[in-house]
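Residue numbers (the working numbering): 29 to 134.
Cβ coordinates follow ideal geometry from the N, Cα and C atoms, glycine included.
Values in this document were obtained by computation on a predicted structure and should not be read as measured data.
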Amino acid sequence: MSNIFKKMAEMQKQMANVKEIVGRITITSEAGGGMIKVTATGSQRIIKVDLDPEVVDPEDIEMLQDLIIAGVNKALEEAGEAAQNELRDQAGSLLPKGMDLSKFGL
């Protein structure tokens, strides 16, 4: 029984390590032909938004808003995909050889 608890504690430690690795992933995506750049982490956090000064038109705030939304959504989507790939890679090393994770969305 103590062996099972040891294994569980080890897996928890490994999963914490995986979470840290995923949090360090950063993805920068562009919208509006590069006029908006958004950087997101694998933890689905926006950490930076760069705007080309030319996109800031006081007469067309709606376009700027649309570009920011597009950039944020694209960055979050790409960061999520990168995080899933990392989780899949890391989970493979934690589980028994040959275990199929596709049923679990990984």
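Exercise. Between which two residues does the beta strand (DSSP E) harbouring Thr-46 extend?
Worked result: One point to set straight first is that residue 46 is Val, not Thr, in the sequence displayed. Here Val-46 belongs to no beta strand (DSSP E); instead the alpha helix (DSSP H) covers 30-52.
For this session: Using the DSSP secondary-structure output, state which residues sit across from Lys-65 in a beta bridge.
Result: Glu-58, Asp-78
Exercise. Which residue's Cα is closest to the Cα of Met-91: Val-46, Met-63, Met-29, Glu-38?
Worked result: Met-63
Exercise. Expressed to the nearest angstrom, what Euclidean distance is found between the alpha-carbon atoms of Arg-52 and Val-66?
Worked result: 16 Å
For this session: Take Lys-102 as the anchor and find which of Asp-88, Val-77, Ile-49, Ile-89 has the nearest alpha-carbon.
Result: Val-77
For this session: Determine the DSSP secondary structure at Gln-118, reduced to helix, strand or coil.
Result: helix
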